[in-house]
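Enquirer: Encoded as structure tokens, here's the structure I'll be asking about.
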């Protein structure tokens, strides 16, 4: 099976812009989670989707949003970008119903740089 | 905030030596997982140990879990240069929740 794919891999934006990142989970996986990774804060959970419903949400401002489509593909959007949003954004999928805490299969990440 | 805290933050060893990393956490857990991350890339799942297990092996990896001390350790035996990476523990508090990751241990294995 193909692994988790994320597009784009690299992105450079300026403050105030918005960005949309995409994630395609492993075929058959219905749970998709998003994480933000920075050197200072480490890996922080953004949100988890299961069957098109947001099941869990981390402690991030409303500028961060996401959605999941019927084919389990997911997107996350960040509006009004700030310098501090520069990070590696990781998507992970899991096959199980309790997907948020089962073995996570990670994509390669999208490196976002905000100038 | 991070539930798991890895120790040490960084570890440098020679090929062939064993590497031990520790993880401490604060609340009760359903399971604990270890992941590896090569520089700037996605994480790879290594091993999952459930709260009712004390030890688990996978190839050169050995994980222990002590729920009374709220701690876990990851041992990599006979390290190789290819083991150079960051290692993270992640805790599952149970229910339809999410994993909480520690800040990781950076392991450098020199040839």
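Protein chains in written order, with my numbering: chain A, 1 to 115; chain B, 116 to 226. For every residue, glycine included, the Cβ atom is placed at its ideal position computed from N, Cα and C.
Which residue wins for smallest C-alpha separation from residue 164 of chain B, given the options B:175, B:176 and B:147?
Expert: Measuring from the Cα of residue 164 of chain B, the nearest candidate turns out to be B:147.
Enquirer: Taking just the CA atoms, how far does residue 2 of chain A sit from residue 220 of chain B?
Expert: Residue 220 of chain B and residue 2 of chain A: Cα-Cα distance of roughly 29 Å.
Enquirer: Please report the residue range of the beta strand (DSSP E) in which residue 50 of chain A lies.
Expert: Per DSSP, residue 50 of chain A belongs to the beta strand (DSSP E) from 42-50.
Enquirer: Of all the residues that make up the segment 49-62 of chain A, which are near chain B by a beta-carbon distance shorter than 8 Å?
Expert: Answer set for the segment 49-62 of chain A: 55, 56 and 58.
Enquirer: Under three-state DSSP, which class holds residue 81 of chain A?
Expert: Coil at residue 81 of chain A, not helix or strand.
Enquirer: Which two residues bound the contiguous beta strand (DSSP E) that contains residue 206 of chain B?
Expert: Here the beta strand (DSSP E) through residue 206 of chain B covers 200-207.
Enquirer: Output needed for residue 106 of chain A: all residues of its chain with C-beta closer than 8 Å, excluding positions within five of it in sequence on either side, in chain order.
Expert: Contacts found: 4, 90, 91 and 92.
Enquirer: Leaving out five residues before and five after residue 116 of chain B in sequence, what residues of the same chain have Cβ atoms less than 7 Å from its Cβ?
Expert: Its pLDDT being 44, under 50, residue 116 of chain B is placed unreliably by the model, and the measurement read from it follows with that caveat. Around residue 116 of chain B: no qualifying Cβ.
Enquirer: Would you kindly check if the distance between the Cβ of residue 74 of chain A and the Cβ of residue 108 of chain A is under 9 Å?
Expert: For residue 108 of chain A and residue 74 of chain A, no; Cβs fall outside 9 Å.
Enquirer: Please go through the same chain and pick out, in chain order, the residues whose beta-carbon is closer than 6 Å to the beta-carbon of residue 120 of chain B, but skip the five residues on each side of it.
Expert: 139 and 217, listed in sequence order.
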